[in-house]
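The structure appears right after this line, and notes come after that.
Number of protein chains: 2
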Amino acid sequence: MKKGRQVTMKEIAKKLGVSVSTVSRALQDSPELHAETKRKIVEAAKEMNYRPNLLAQSLRISRSKTLGVIVPEITSHFFASCISGIQDIANTRGYNVMICQSNELLSQEKANIQTLVSSQVDGLLISLSRETNTYEHLYELYDREINFLLFDRVQEDIPVSKVTFNDVSGAYQVVKHLLENGSRRIVYVSGPEDLYISKKRKEGYLRALAEFGVAEDPSLVLISDLTLEGNLRVAQQVLQMDPRPEAVFCMIDPVAVDVLTEWKKSGIRIPEDIALAGFTDNPTAAVVEPPLTTVSQPGYEMGKLAVSHLLDQLDGLASEDPISIVLDTTLVVRKSSQHFPSKK
Amino acid sequence: MKKGRQVTMKEIAKKLGVSVSTVSRALQDSPELHAETKRKIVEAAKEMNYRPNLLAQSLRISRSKTLGVIVPEITSHFFASCISGIQDIANTRGYNVMICQSNELLSQEKANIQTLVSSQVDGLLISLSRETNTYEHLYELYDREINFLLFDRVQEDIPVSKVTFNDVSGAYQVVKHLLENGSRRIVYVSGPEDLYISKKRKEGYLRALAEFGVAEDPSLVLISDLTLEGNLRVAQQVLQMDPRPEAVFCMIDPVAVDVLTEWKKSGIRIPEDIALAGFTDNPTAAVVEPPLTTVSQPGYEMGKLAVSHLLDQLDGLASEDPISIVLDTTLVVRKSSQHFPSKK
DNA sequence: TTCGTAATTGCAGACGATTGCAAGGTGTTA
DNA sequence: TAACACCTTGCAATCGTCTGCAATTACGAA
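In C-alpha cells form, the structure reads like this:
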C-alpha cells in the first residue's frame, strides 16, 4: 500500500551534484575515485539511509546471489536442521536463500522449481519428494545449465552432485547391533519401496543379516505408507507374527515411535519383549519411554556441506564435475534395543 | 559458472518478427492484441520454454511479490509450523517467501531485516528474537512505511498489526486445571523475564491462583535461561523446596521435558509425586512418559492468519490500521498432571 | 475515391544499478 | 608555451520487462 519510497543512487547523486555513476563507484569503493568525493558520497548514503536495490543489482549483473532450497517438509526436524545449516553458510558467504516445501508432492516440487528459476536463483538445493518417480523436471534443469545439487533424497542417475548419508552403513550398524544382542528374526519396516532411503536402508539391513549368516526372509520386510494408520497397522502385523520377531528396525524414527506407542497400549514391554530401533535420531527418539536406539544423521552438517559445495561450484572454487559427498551416520544405542534373546 | 542463458522476450520477438512490447502484451493476455498474433506468441513462448524474469518484472512494477519472514529458529517445531502456514497461503495468493532465522540474536534480526528490505520484499512477518529488547529497527521499518506485522513474539507498543495466542488465557487454563486437581503450591518456571510470553503466561498463572484464593508466592516463580543446564537447575531447585510443590507449570514444553527427564533420573514419579505441565504442545509432549499435559497453540493456523492479514493489507483488502488478532489455545490434558493432593 | 474510426503494433522511456569509454581538468616535462 | 599523461568524472548503453503514446493499417461509410 504505502509508497515506502526507497532512497536511490539518483537521489544521492542529485543531492551532491554528481552523477549516478560516481555514486555507484563510490559505494563500490572503486579506487579510481577521488578520496574526498568518495567520502562525501558514502557519508551521504549513510545519512540518507540508502539501501541498494538488490533486484536492480541482480538484473544488471545477472546474478541474484540467492539460492533456492526445496525440501519435502519444513516441519520435519531433520529438514529444518538442513535448512538451518544451509542458511548459516549461505549468509556468511553473501547469499540469500529462498525455501520452498514440496509437501511430498511431485506437482509442488515442479512448481517450486519453476518459481525459483523464474526468481533467478543462482543455484538450487533439492531434496526430492516422496512422490517423485519421474525426473524430467530435473533433467530440464540440467539441460538449461542451471546449477543444482541433490541432498538426502536423491536420484542416483542424474549427473549432478549429491550429498547423502551413508544409509547403507547406518542401517548395517543398527541391524548388526541388534544381531550382536542376539536377535535373529529381525523385521525391517520400510517406507514406500521406490524411496531412495527405503532401498538403501534395506540394503544395509540385508548386508548385516548376510554377515551373520541369517537367511533373508521376505515376510519379515513390512511396508508402511508412513502415515499414522500405516504405522499402527505395521505395529499390529508384527504382534501377529508367529513366532514373534525378536527385533524391529524401522526405516525412520516416527514409525518407530508410533509402533512403540501402539505396543505399549497392547501391553508389550520394550525392550523386554521385543527390541526396537529407528533411524534419524529425531528429538523425540531421546525422550520416548524407553528411549529409542537409532542412527543419528546430522542434518545441520549435511546442509552446510551441501551448500558449501554448491557455492564452491558457483564461485568457481570447485570443479563443475558432479561429485558425491557421503556423510557418516552414528549409531545411538539407547534402551529400546536392550533385548537379549538366548542364542540357540 | 555456466551461462544457463534464459529465453527472453526479445528472442521470442526476433523469432516471430514482432516487437518486444507485442510479446509482453501477448503474454499478459492483453485484449488489445490480434487473437492470432497472441496465439502464435503464446505458442512460441511455450515451445521455447520461456520463463519470465521475475527480477526484471519486479523492478519494473516495483513489486516483488515476495514476503520476508523472520523467525528465531527454524528448527523449532512451532515456528516451522508457522512458516508452513505462511508459505501455503502466500503461494496460493501468488507470493514467494524468503525465510530468515535470527538464531535468537538481535544483531541477526537486524541483519535479516536489512537483507529482506534490500531484496525489496513487499512485506515482512516477524517474530522477535529472545534478545530483542530495543526496537529502533522496527520503528525504522515503520518510518520507512514498509509493511510488516509481528506474530507470536511481539512487542506491544509498536503500532503494527500483531498476531498472538491468548497466552494469558492458555496459562490460566492449565493452572486452573492443576488447581482443580487439588494442587495449591504451584511453581511457575519462567523464561527470561522480558520475554513477551514469559510475562503473559505468568499473568495467566497469577490470575488462576487469585481466582482460587491462593496467595502469590514469589519463591514459587523460578527462572530458566532455557538452556539444558538452566532447565536441569530448575528441576533440582524444585526438588529441594520444602515443602515440595504439588505441581509445576513450565512456560514451554522443552523445559517441562527436561525437568521430567531429570526428575525421572532422581526417582521422582510423575504424576504420583508431583504434577507437571508445559505449554506449546510440541510433538515430544505426546510421546514422553508420562505424556505431558500442555497447551496447544496451532502454529500452522497462526502462520495462515498472519500472512492472510498482511496480504489483505498489501492488496488493499484490509484497512492499514493495525489490528490485533488473538488466537485461542486449547488445554491438552495428559497423564503428567494427574496428581491429586488431598485438599485441606 | 476519400475520410474517419477502430483495431493492431511499435517506439521509447522508464525501473535502479553497473561499466566501458570518452571527456574534462590538472600537472609535468621539454 | 606546447604536448602529453594521468587522475576524475560523466555519458550512455545495458540487464528484461512494462506501458503511454504515436504510428500504421484496415475497414466501412459517405
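Each protein sequence line maps, in turn, to chains C and B.
Residues in the first sequence are numbered consecutively from 29, following the working numbering.
Residues in the second sequence are numbered consecutively from 29, following the working numbering.
In this text, a Cβ means the ideal position worked out from N, Cα and C, and glycines have one as well.
Limits of the unbroken alpha helix (DSSP H) element including residue i
i	result
Q85(B)	L82 to I89
K332(C)	G327 to L342
Y200(B)	D195 to E208
I117(B)	H105 to T120
L134(B)	L134 to S146
V35(C)	First-last for V35(C): undefined, no H or E at that position.
V51(B)	V48 to L55
I69(B)	A63 to E75
From the options, residue whose alpha carbon lies closest to that of residue i
i	options	result
T103(C)	V99(B), C110(B) and P100(B)	C110(B)
A236(B)	E208(B), L254(B) and R261(B)	E208(B)
G327(C)	R79(C), L166(C) and H105(C)	H105(C)
G96(C)	Q34(C), Q56(C) and N175(C)	N175(C)
E239(C)	G219(C), R229(C), V203(C) and P220(C)	V203(C)
S373(C)	I296(C), R181(C), L304(C) and E300(C)	Lying before the first or after the last residue shown, residue 373(C) is absent from chain C, which here runs from 29 to 372.
E244(C)	I251(C), S252(C), D253(C) and L234(C)	L234(C)
L153(B)	V125(B), G219(B) and L345(B)	V125(B)
M76(C)	Q34(C), Q115(C) and R88(C)	Q34(C)
T120(B)	K68(B), T94(B), E173(B) and N131(B)	T94(B)
V145(B)	H165(B), E132(B), N131(B) and A73(B)	H165(B)
M279(C)	E257(C), D253(C) and K292(C)	D253(C)
P318(C)	S365(C), Y78(C), S130(C) and S324(C)	S365(C)
I69(C)	R88(C), E39(C) and L87(C)	E39(C)
Range covered by the beta strand (DSSP E) that runs through residue i
i	result
L359(B)	T358 to V360
M10(C)	Examination of residue 10(C) is not possible in this model, given that chain C is present from 29 through 372 alone.
G232(B)	Careful: G232(B) lies outside any beta strand (DSSP E), inside the alpha helix (DSSP H) at Y224 to E239.
V99(B)	T94 to V99
V242(C)	Note, V242(C): premise wrong, no beta strand (DSSP E); not H, not E.
I351(C)	It is not in any beta strand (DSSP E) - I351(C) carries neither H nor E in the DSSP assignment.
I214(B)	I214 to S218
I251(C)	V249 to I251
Proximity of residue i and residue j at Cβ, strictly below 8 Å
i	j	result
T65(B)	A54(B)	yes
S147(C)	L82(B)	yes
V191(C)	L333(C)	yes
D281(C)	F307(C)	yes
I214(C)	A263(C)	no
R362(B)	L320(B)	yes
I117(B)	V283(B)	no
L267(C)	S294(C)	yes
E137(B)	T160(B)	yes
L339(B)	Y170(B)	no
G198(B)	G151(B)	no
V196(B)	K228(B)	yes
E290(B)	L260(B)	yes
G45(B)	G331(B)	no
V285(B)	V316(C)	no
L49(C)	F107(C)	What sits at residue 49(C) in the sequence shown is Ser, not Leu. Going by C-beta atoms, S49(C) is not nearer than 8 Å to F107(C).
V182(B)	Y224(B)	yes
A72(B)	K43(B)	yes
S58(B)	I98(B)	no
F193(B)	T357(B)	yes
I127(C)	I351(B)	no
Integer-rounded CB distance, given that residue j should sit under 8 Å from residue i
i	j	result
Y163(C)	I186(C)	6 Å
G210(C)	F368(C)	5 Å
L206(C)	A313(C)	L206(C) to A313(C), Cβ: 16 Å. No contact.
P100(B)	S157(B)	5 Å
V51(B)	A41(B)	5 Å
L359(B)	E329(B)	Not really, about 17 Å apart at Cβ, beyond 8 Å.
V149(B)	S92(B)	6 Å
T322(C)	A346(C)	Their Cβ separation, rounded to whole angstroms, is 33 Å, which puts T322(C) and A346(C) out of contact at 8 Å.
Residue i beta carbon near the ligand ATP (any heavy atom closer than 7 Å)
i	result
W291(B)	Judged by which ligands are present, the structure shown has none, so any question about the ligand ATP falls away.
Note down, one range per segment and in chain order, each alpha helix (DSSP H) of at least 4 residues found wholly within the stretch 258 to 326 of chain C.
-> 281 to 293 and 311 to 315
Runs of beta strand (DSSP E) lying entirely within the stretch 150 to 185 of chain C, each at least 3 residues, in chain order | 151 to 154 and 176 to 179
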